[in-house]
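Numbering (UniProt numbering), first residue to last: 1 to 303.
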C-alpha cells in the first residue's frame with residue numbers, strides 16, 4: 001500500500017471536502033480524486049460517499065480512518081529505526097560537576113577509540129531529562145537523584161557523599177564529618193527549589209524533622225560554591241562538584257554524615273539503539289565505575 005495515498009485519504013477525511021483537501025496538499029482536485037480511486041482499488045471498497053453536504057466516510061472509510069494514523073506512525077518509526085541502526089551519532093548529556101573527574105576523560109577515550117563516532121554532548125538539566133528522552137533527542141545521560149520512569153532505564157554507577165562547604169574560618173575538616181543537626185544550625189546557600197539536589201536535601205532533613213535555613217537560592221551549582229566561599233552562607237554539594245576547587249585555601253569542607261548521592265546511567269527507552277549508542281553506554285558504565293576507584297574521586301564508591 002502506498003503510504004502517500006493514505007496521507008491523501010486522511011486529509012480528505014479531515015476536511016470532509018475533496019477541494020479543500022486538494023488545496024491543503026497542493027494538488028489539483030482531479031489528481032487527488034485519482035489517488036483516492038487508486039487507494040479504493042487497492043482496498044477493494046469505496047471509502048467516501050458524496051452528497052450535497054460534502055464528502056463523508058463509508059463504513060470501510062471509517063475503519064481505515066481509525067487505523068491509518070497508526071500505520072503512518074509505524075512507518076515513520078521503522079524509517080527512523082533503520083536510519084538509527086546504521087548511525088554512528090550518539091547524543092549524551094553529562095553533568096558539568098563531573099567534567100574533570102568523569103566527563104572529559106571519558107569523551108577523550110571515546111574519541112580516541114572510536115574516531116568515526118559523532119558525539120553530541122549537552123550539559124545535563126535534570127528537570128528536562130524526561131522531556132529530552134521523550135522527544136528522542138537524547139540517547140544516554142548520567143544523572144543523580146532521578147526518580148525511576150518508563151522513559152529511560154537507570155543503572156546505578158557511583159555513590160559519593162554530600163559535603164558541607166564553608167569559608168576557611170569555618171574550620172571544616174575534609175577528613176572529618178558533620179551531622180545533619182550541625183548543618184541546620186547555619187545559614188545555607190542552595191540550588192533553587194526543584195533542583196534534584198535541593199529536593200534530596202529537603203527530603204533527608206524533613207525525615208529528621210529538621211528545617212533548612214536558606215538565605216540564598218541560585219540556579220547554578222557554581223554560584224553556590226562562590227557564595228559559600230565569600231561567606232554568605234554554607235552550601236551542600238557532592239564532592240565531585242567541588243573537586244576542581246580542592247586546593248582553594250579560602251574554603252573548608254566536611255562530609256555530611258548519612259547524606260549520599262548516587263550517580264546513575266540513564267538510557268533512552270524511546271529510541272532504538274544503534275551499535276554506537278550501545279557501545280558508548282556500555283563504555284560509560286564501565287568507565288564510571290572504574291573512575292570511582294581513582295584516589296582523585298575522594299569518598300566515591302562504585303555500585
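Every residue, glycine too, gets a C-beta built ideally from N, C-alpha and C.
- Between the CA atoms of residue 74 and residue 228 - distance to the nearest angstrom: 53 angstroms
- Item | Reduced DSSP category for residue 197 - H, G, I as helix; E, B as strand; rest coil | helix
- For the candidate residues 164, 219, 198, 131, whose alpha-carbon lies nearest to that of residue 152? 131
- Kindly give me the distance between the Cβ atoms of residue 21 and residue 11, rounded to whole angstroms, as I take these residues to be in contact under 8 angstroms. 4 angstroms
- Who are the Cβ neighbours of residue 39 in its own chain at under 6 angstroms, not counting the five residues just before and after it? Counting only Cβ-Cβ distances below 6 angstroms, and skipping sequence neighbours, we find 5, 9.
- Query: How do the region 185 to 195 and the region 209 to 219 stand: do at least 3 beta-carbon pairs fall below 8 angstroms, yes or no?
  - Reply: yes
- Fully enclosed by the region 29 to 93, which alpha helix (DSSP H) runs are 4 residues long or longer? 29 to 43, 59 to 85
- When DSSP labels each residue in this structure, what does residue 165 get in the three-state scheme? strand
- Have a look at 65, 47, 28, 89 and flag the residue whose alpha-carbon is nearest the alpha-carbon of residue 110. Residue 110 has its Cα closest to that of 89, out of 65, 47, 28, 89.
- Could you spell out the range, first to last residue, of the alpha helix (DSSP H) harbouring residue 1? Run containing residue 1: none; DSSP gives neither H nor E here.
- Nearest-angstrom Cα separation, counted from residue 129 out to residue 277: 17 angstroms
- Tell me whether residue 234 sits in a helix, a strand or coil according to DSSP, three-state version. strand
- Write down the C-beta distance between residue 185 and residue 269 rounded to the nearest angstrom, noting that I regard them as a contact closer than 8 angstroms. Contact doesn't hold; Cβ gap of about 44 angstroms is too wide.
- Examine the ligand SAM and report whether any of its heavy atoms sits within less than 6 angstroms of the Cβ of residue 151. Among the components of this structure there are no ligands whatsoever, and the ligand SAM is therefore not found.
- Decide if residue 97 is buried, meaning its Cβ has at least 16 other Cβ atoms within 10 Å, or exposed. The residue is buried, with at least 16 neighbouring Cβ atoms inside 10 Å.
- Item | Cβ contact (3+ pairs, closer than 8 angstroms) linking the region 216 to 223 and the region 246 to 253 | no
- What residue range is occupied by the uninterrupted alpha helix (DSSP H) comprising residue 257? Unbroken run through residue 257 is the beta strand (DSSP E), 251 to 268; no alpha helix (DSSP H).
- Task: May I ask you to list the residues that DSSP assigns as paired with residue 217?
- Result: 190
- Message: Classify residue 296: buried if its beta carbon has 16 or more other beta carbons within 10 angstroms, exposed otherwise.
- Response: exposed
- Message: Using DSSP's beta-bridge definition, name the partner residues of residue 284.
- Response: Paired residues: none, contrary to the question.
- Message: Using C-beta distances below 6 angstroms, list every residue in its chain close to residue 15, excluding the 5 sequence neighbours before and after it, in chain order.
- Response: 21
- Touching by the beta-carbon criterion (3+ pairs, under 8 angstroms), the region 161 to 176 and the region 250 to 265: yes
- Can you check the region 111 to 162 for any beta strand (DSSP E) of at least 3 residues that lies completely inside it and give the ranges in chain order? Qualifying beta strand (DSSP E) stretches, in chain order: 118 to 123, 140 to 144.
- Task: Indicate whether residue 17 and residue 52 have their beta-carbon atoms separated by less than 7 angstroms.
- Result: no
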